[in-house]
Amino acid sequence: MTTATALRITAAISSITSAAAAYPVAASMFGTLAGGVIVTSSAAVIYAGWHYVGTETATDQLSIIKRVGAGLAASIFAVGMVAGIYTSASQSVALTTQTNAKAADALYEQQEASRIKTLETLTQELSLTSKKNNPAEYTRLQDQISKLSTPTERTFTATEKASSQIPAAYKWGIAATFEVVTPALLLLAGLFARRRSVDKQLTAVDRVDAASTTPSTLRQPQQEATLSQDAEQLEQANCLLDALADQKIRVNKEGCITAAALEESQHCTNRQARAAISAAVEHGYLIKEGEGGATRYRYPNRQQTTLWRVK
Numbered sequence: 223m224t225t226a227t228a229l230r231i232t233a234a235i236s237s238i239t240s241a242a243a244a245y246p247v248a249a250s251m252f253g254t255l256a257g258g259v260i261v262t263s264s265a266a267v268i269y270a271g272w273h274y275v276g277t278e279t280a281t282d283q284l285s286i287i288k289r290v291g292a293g294l295a296a297s298i299f300a301v302g303m304v305a306g307i308y309t310s311a312s313q314s315v316a317l318t319t320q321t322n323a324k325a326a327d328a329l330y331e332q333q334e335a336s337r338i339k340t341l342e343t344l345t346q347e348l349s350l351t352s353k354k355n356n357p358a359e360y361t362r363l364q365d366q367i368s369k370l371s372t373p374t375e376r377t378f379t380a381t382e383k384a385s386s387q388i389p390a391a392y393k394w395g396i397a398a399t400f401e402v403v404t405p406a407l408l409l410l411a412g413l414f415a416r417r418r419s420v421d422k423q424l425t426a427v428d429r430v431d432a433a434s435t436t437p438s439t440l441r442q443p444q445q446e447a448t449l450s451q452d453a454e455q456l457e458q459a460n461c462l463l464d465a466l467a468d469q470k471i472r473v474n475k476e477g478c479i480t481a482a483a484l485e486e487s488q489h490c491t492n493r494q495a496r497a498a499i500s501a502a503v504e505h506g507y508l509i510k511e512g513e514g515g516a517t518r519y520r521y522p523n524r525q526q527t528t529l530w531r532v533k
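Residue 223 is where the sequence shown starts when you use the working numbering, and the numbers rise one by one after that.
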């Protein structure tokens, strides 16, 4: 398993977990089935949007617009998911606080019932005690009755305080974690995937170079011919790409570069010309406009091309 694949799997797990965390409030608002569909769809949009942003590599105007649109859609749904996770967490804390409060209220009522019962007993005992014959006992009973006549003050238990003292910023931070982790993992996966693609290209070139330095006595005739053909194709592709990068191919009346013009100038096949134009677009040497039969290719300005080549 490649690093990019592992990162995408981890991002999918993070997205599923965030959907599960936001599900309680969605289920309470829209019902079990509708709530599940809502959070699942939102998680899918978020994952797909950031996946597209992380994997799309084209630099033409249309591709950039698509990437911005995908990132914007994913961000909007991510904000909604964060709010759902926060509300679900708050709802859970509220239910816990309510349960603890009910238990504390029941205990308080028991204490009050015991106080009232003791107060009634002392009052009855005081009525049977003679103040004249037993002044000390009478005074003691009066003091106890006076103390028990004041209701017990209701105080929060330690569990209630712990449930109600969770900072809002902490809950918002936990809610946002999933929606930050998912795009970060997908963007990193795209970077690793592109790096792997470049490594494959470099490896292919190294194989051609290594094969060209192998003693002829150790090579089979068919392998030698294949390696020679690969080297020629690679050199031809580099020459075509350099010609487009240096803007040596003439543009037509519309200011566009065509495969036919590249064929005529560099004496290559139509297939090689089209492949070179596609590679030039990926490297930023050409700008692609339109789609399908209306596709056109133009040179960018000279300064921008120079900067891309330096990079």
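Every residue gets a Cβ at the ideal spot worked out from N, C-alpha and C, and that includes glycine.
Quick caveat, the model's predicted, so the values are computed rather than measured.
Look at I479 here: in three-state DSSP terms it is coil, with no helix or strand label.
Taking C-beta atoms as the reference points, A295 and G271 count as a pair closer than 8 angstroms. For E401, the number of other beta carbons within 10 angstroms of its own is at least 16, and it is reported as buried.
Per DSSP, reduced to three states, the secondary structure at Y519 is strand. Closest in alpha carbon position to A465, among A483, G477, E454, G515, is A483. Comparing alpha carbon positions, the residue from A495, K353, T404 closest to A265 is T404. Annotated as distal: L463 and A406, with beta-carbon spacing of 8 angstroms or more. Counting C-beta atoms within 10 angstroms of its own C-beta, K369 has fewer than 16 neighbours from the protein chains shown and is therefore classed as exposed. In the DSSP assignment, E486 is bridged to no other residue.
Beyond the five residues adjoining it in sequence on each side, A292 comes within less than 7 angstroms, by CB distance, of G271, Y274, V275 in the same chain, given in chain order. The alpha carbon of S371 has as its nearest neighbour, out of E359, T343, G302, the alpha carbon of T343.
Selection E485, A234, G477, V473 evaluated against A459 yields E485 as nearest (Cα-Cα). The shortest C-alpha to C-alpha distance from S500 to any of G412, S487, T480 is the one to T480.
When A280, G515, Q333 are compared, the shortest CA-CA separation from G506 is found for A280. Comparing C-alpha distances from G514 to each of G477, L284, S236, V247 shows the shortest one belongs to L284.
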